[in-house]
Ligand SMILES: [Zn+2]
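Residue numbers (this note's numbering): 8 to 415.
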């Protein structure tokens with residue numbers, strides 16, 4: 008952490024230096040070693056005030072990076088902070104070729120790890136994904152307001168509203184894949200004024216090769232699942248399992264989500280659909296943050312990777328003191344477990360086979376970032392029947408559980 012005087016001196020030095028090297032990405036052999044060292048310690052831009060915790064977190068994220076493979080992109084991104092570094096390489100040790108302020112637009116040609124490849128002064132350069140958004144700040148702010156209104160009061164006209172990740176939302180900056188759109192549907196009749204987020208598990212192309220922090224504070228996972236305990240990062244969205252009959256999990260979770268949506272809407276619930284097609288470019292952090300801000304509960308649909316048709320259960324919050332004392336888990340873990348218990352009770356009432364006591368402790372990205380009641384429900388496993396009729400039974404059970412949770 009830089010002191011005030013040191014930062015002031017640094018800012019001056021950086022300004023002088025920047026003025027001298029705005030020669031484009033390919034050019035410039037001047038290597039300002041000293042300045043780069045300080046830059047790496049302060050993150051990818053120079054804010055007026057940077058809290059200690061935020062700095063530590065960014066350093067953690069930076070230190071864990073490995074050289075990313077860039078996937079082709081063709082869109083426009085907007086700078087979200089001031090004096091954001093544009094670099095010759097996608098790394099905090101990459102040479103800075105210029106700086107851009109909030110609102111500046113860049114054509115993006117690639118996405119990898121925590122960096123995007125962009126065209127800056129007609130050359131390929133790189134910018135940290137932490138300081139770009141798919142929409143200009145004003146547009147994002149207007150959409151955020153719409154989302155907030157949608158959550159708190161009836162929508163006036165539109166039955167359907169697209170909701171993007173607003174970079175100003177809590178934890179939004181920790182998402183790496185967020186160019187996709189969730190859709191909010193309003194019930195036509197007997198509206199309850201309750202928004203249920205239906206999250207069809209998996210279905211984000213490229214999500215398995217990008218890493219996000221398991222916990223917003225950068226601490227390691229406390230249980231082993233797809234990612235082992237002790238890891239601080241996990242796949243942004245894993246690809247999911249394949250059923251015994253060869254059907255990929257992400258297809259079944261999508262079918263299930265579409266069925267559940269219809270039933271919820273018919274019953275008067277509003278529904279926030281995270282995914283309605285094979286692919287949505289929203290990672291688990293983005294899905295969770297959107298749900299936090301536009302829904303009253305978050306239900307992620309999954310099937311487990313075992314092969315013995317063991318039955319349905321929910322992923323409960325681990326009874327680990329450190330984990331349960333970490334925000335936002337601390338303030339919400341009881342809600343998560345209560346929702347899970349209700350869903351399992353509903354499934355049971357519909358005749359669905361339940362695994363063991365109906366829950367399994369798991370430290371999930373979803374749970375770690377949720378500020379509304381939030382559950383990962385495993386509706387069966389690789390050997391489970393996933394025919395349309397079987398999914399209908401599961402929908403009946405989940406609806407009963409949601410009704411129970413909200414006292415409907
Ligand atoms: Zn799954």
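The beta-carbon is built from N, C-alpha and C at its ideal position, and this holds for glycine as well.
Comparing alpha carbon positions, the residue from 334, 405, 196 closest to residue 224 is 334. Close CB contacts of residue 409 within its chain, under the 8 Å cut and outside five residues either way in sequence, are with 203, 271, 276, 304, 306, 349, 350, 353, 415 (chain order). In the DSSP assignment, residue 413 falls within the unbroken alpha helix (DSSP H) covering 395-413. The Cβ-Cβ distance between residue 246 and residue 76 does not fall below 8 Å. The beta-carbon distance between residue 234 and residue 241, rounded to whole angstroms, is 4 Å. This is short enough to meet the 8 Å contact definition. The three-state reading of DSSP puts residue 107 in strand, counting E and B together. A direct Cα-Cα distance of roughly 33 Å separates residue 207 from residue 98. For residue 125, DSSP records a beta bridge to 115, 132. Rounded to the nearest whole angstrom, the C-alpha separation of residue 308 and residue 94 is 40 Å. Taking the Cα positions, residue 181 is about 29 Å away from residue 193.
If you draw a straight line from the Cα of residue 299 to the Cα of residue 109, it comes to about 25 Å. With 6 Å as the limit, the residues whose C-beta approaches a heavy atom of ligand 1 more closely than that are 208, 209, 247, 256, 309, in chain order. In the three-state reduction of the DSSP assignment, residue 298 falls in the helix class, which pools H, G and I.
Rounded to whole angstroms, the separation of the alpha carbons of residue 384 and residue 337 is 20 Å. 8 Å or more divides the Cβ of residue 260 from the Cβ of residue 372. Shown here, residue 95 sits in coil according to DSSP, grouped into three states, outside any helix or strand. Distance between residue 254 and residue 279, taken at the CA atoms: about 25 Å. Under DSSP, the beta-bridge partners assigned to residue 169 are 190. Residue nearest to residue 140 within the set 358, 248, 118, 291 is 118 (criterion: CA-CA distance).
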